[in-house]
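Numbering (my numbering), first residue to last: 332 to 567.
Ideal Cβ placement from N, Cα and C applies to all residues, glycine included.
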Amino acid sequence: MGYMNQSKDRIKFWVYLLAVIAGLIGIVVYLKSSGILNYMSTAEEFKNYIEGYGEKAYLAFFILQLISVIIAPIPSNVSAVVGGTVFGMMGSFLISMLAILIGSSIVFMLGKKFGRTFVERFVSPKVLDKYEQYFSSRKGELLLIVLLFLPFFPDDAMGFVAGLSKISLGRYVVIMLLTRPWEILAASALGSFNIAMPLWGWGVMALVIIGIAKNSDKLEKRLVAAVQGVKNSGRC
Numbered sequence: 332m333g334y335m336n337q338s339k340d341r342i343k344f345w346v347y348l349l350a351v352i353a354g355l356i357g358i359v360v361y362l363k364s365s366g367i368l369n370y371m372s373t374a375e376e377f378k379n380y381i382e383g384y385g386e387k388a389y390l391a392f393f394i395l396q397l398i399s400v401i402i403a404p405i406p407s408n409v410s411a412v413v414g415g416t417v418f419g420m421m422g423s424f425l426i427s428m429l430a431i432l433i434g435s436s437i438v439f440m441l442g443k444k445f446g447r448t449f450v451e452r453f454v455s456p457k458v459l460d461k462y463e464q465y466f467s468s469r470k471g472e473l474l475l476i477v478l479l480f481l482p483f484f485p486d487d488a489m490g491f492v493a494g495l496s497k498i499s500l501g502r503y504v505v506i507m508l509l510t511r512p513w514e515i516l517a518a519s520a521l522g523s524f525n526i527a528m529p530l531w532g533w534g535v536m537a538l539v540i541i542g543i544a545k546n547s548d549k550l551e552k553r554l555v556a557a558v559q560g561v562k563n564s565g566r567c
């Protein structure tokens, strides 16, 4: 009897897994065939696409932000800048945060439910191995909080990997509420203010961003080492 129950559970698991994969593939196919991704190539085209929905622009933006967390064609904070130009700072912030929380919870639960084999379909082996090791350590939650505070890190991919750890969904949502609002609020504010900046100013900003992005691995390693150093000193 127990063997039959295990077989049913296994069949049910694979049915759910195939249904989820088919659904995600369907979303990707639709995004490519509908031409939506072409409108995401530049901020101006993305803005025009959202505004083209008229009164339903809020819903369209929410859906695209939600999908971006799962499929990630563009980073959520980048699209939040565009949202700020359309809906204002608070409008973009609230829509983006709601979509990010729901989308991140979905990817977290998918990782928790279907395990590493499923996550490998969405996260590169290099990223998966590194962050799974981080989040499975004794200081996994602290490392997740520290890394989510930083820009230019694969925030959405971390949701899949965090689902493989012992972190609960409730704790993960709290961590998201502590870390993600700040960059989304800043991005929404940047878009809503429509800041006028001279060409040299944009050049300096671009150099700073490129510098941070190029050294993100070194910065990450130093932060992880610092957190692990706190852990080791606490044992003494």
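In the structure shown, GLU472 adopts helical secondary structure according to DSSP, grouped into three states.
Between LEU425 and ILE476 a beta carbon distance of about 23 Å is seen, past the 8 Å cut, so the two are scored as non-contacting. Its Cα nearest to that of LEU516, the residue VAL409 stands out among VAL409, ILE433, LEU395 and ALA556.
One thing to note: VAL417 has its Cβ within 8 Å of the Cβ of LYS378.
When the Cα atoms are used, SER519 and PRO512 turn out to be separated by approximately 10 Å. The beta carbon of SER467 is closer than 8 Å to those of LEU495, SER496 and LYS497 in its chain, skipping five residues each way along the sequence. A check of alpha carbon separations from PHE445 across MET428, ALA493 and PHE392 identifies ALA493 as the nearest.
Annotation for LEU459: VAL450, GLU451 and VAL492 place their beta carbon closer than 7 Å to its own, counting only its chain and skipping 5 residues before and after.
By the CB criterion at 8 Å, GLY383 and GLY522 fall outside the cutoff.
Comparing alpha carbon positions, the residue from LEU441, ALA430, SER407 and GLU375 closest to LEU390 is ALA430. Taking PHE392 as the centre and dropping the five residues before and after it, the same chain places the C-beta of ILE381, GLY414 and ILE426 closer than 6 Å to its C-beta, in chain order.
Counting only residues of its own chain and dropping the five nearest sequence neighbours on each side, ALA388 has a CB closer than 8 Å to the CB of ILE381, GLU382, VAL417 and PHE418. Closest in alpha carbon position to PRO456, among GLY471, ILE401, LEU481 and MET489, is MET489.
In the DSSP assignment, ILE401 falls within the unbroken alpha helix (DSSP H) covering 388-401.
The DSSP-derived three-state label of ILE498 is coil.
In the structure shown, ARG452 falls within a coil segment according to DSSP collapsed to helix, strand and coil. The C-beta of LEU395 has 16 or more other C-beta atoms within 10 Å across all chains shown, which makes the residue buried. Residue MET420 holds the alpha-carbon nearest to the alpha-carbon of PHE524 among MET420, TYR465, MET440 and GLY442. Around the Cβ of LEU479, a 10 Å sphere holds 16 or more other Cβ atoms; the residue is buried. Take ARG447, set aside five residues on each side of it, and the residues of its chain with a beta-carbon closer than 7 Å to its own are LEU495, in chain order.
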